[in-house]
Structure formats: structure tokens, C-alpha cells
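K.L.:
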Amino acid sequence: MTIEVLKSKLHCVQVTEANLNYIGSITIDEDLMDAANLIAGEKVQVMNNNNGERFDTYIIRGERGSGCICLNGAAARKVQVGDTIIIISYASMDFEEAKTFQPAIVFPENNRVVRK
Numbered sequence: 001m002t003i004e005v006l007k008s009k010l011h012c013v014q015v016t017e018a019n020l021n022y023i024g025s026i027t028i029d030e031d032l033m034d035a036a037n038l039i040a041g042e043k044v045q046v047m048n049n050n051n052g053e054r055f056d057t058y059i060i061r062g063e064r065g066s067g068c069i070c071l072n073g074a075a076a077r078k079v080q081v082g083d084t085i086i087i088i089s090y091a092s093m094d095f096e097e098a099k100t101f102q103p104a105i106v107f108p109e110n111n112r113v114v115r116k
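Note that the numbering used here has the sequence shown beginning at 1, numbered continuously upward.
1) Compute the distance between the beta-carbons of L10 and I59, then report whether it is under 8 Å.
2) To the nearest angstrom, report how far apart R115 and P108 are at their CA atoms.
3) Taking DSSP as the reference, what is the three-state secondary structure of R77?
4) Could you say which of D31, V15, A75 and S25 lies nearest to R64 if we only look at CA atoms?
5) The beta strand (DSSP E) spanning E4 covers which residue range?
6) Which same chain residues end up closer than 6 Å to M47 when comparing Cβ atoms and leaving out the 5 residues on each side of it in sequence?
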């Protein structure tokens, strides 16, 4: 049996741009992607803390160190610049493996990775 579990989470990042006239996706700063173990093209769930919207899209790699969180295409209608969002990805894995799996959970500050 396989189950779907949390793989990666970017907790409370701010939307820096919303681009309606772009093919759908979410552009994420590559530093944030690396920290959360995310890759370009990966499906993610986006949850908007400001308005309750939840939707799925896929990742486009953003400029490293830019702090970019840009919703593109139709998803741009579900956010406002400055909104706080949570970005999550899931993975399917064997039930026993899931018991010990450790997701990558990142708590950025000002859309930057904080190293402690």
C-alpha cells in the first residue's frame, strides 16, 4: 500500500507578483525551491491565508536570491501582491517508509531562506 504524505512546505511566504498574462504556474525563488526540496515542473498546492483560496499548479524556477513568489495565469486571480501563502507538495510512498520520512519544512523570513 502507498499513501500520500507531506514532502515539502514553504510556510508563509508573501506573493511578490501576480501575472495574469502568463501561462499558468507559480514562479519560486530557486533558493526557496532548494531549501524545500522542490523542483521545476513539480505539482504544488497553494493555500492563501488572506482569502482562503486553495489551488494546485506547477513550479517554474525563479531567479535565485530574488525572493520571487509569482502566481501566473488563472492563479493570478486567486491572490493579491502581499498575500501570505503556504506552498505544499506531497509524495506517494510505501506505508512503512512514510512512518519515518522527514518532510522539508521551511519557514522563510521576507521570502529568504534563514540558516540557523
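Even for Gly, the Cβ is constructed at its ideal location relative to N, Cα and C.
P.N.:
By the coordinates alone:
1) no
2) 9 Å
3) helix
4) D31
5) T2 to Q14
6) R54 and I86
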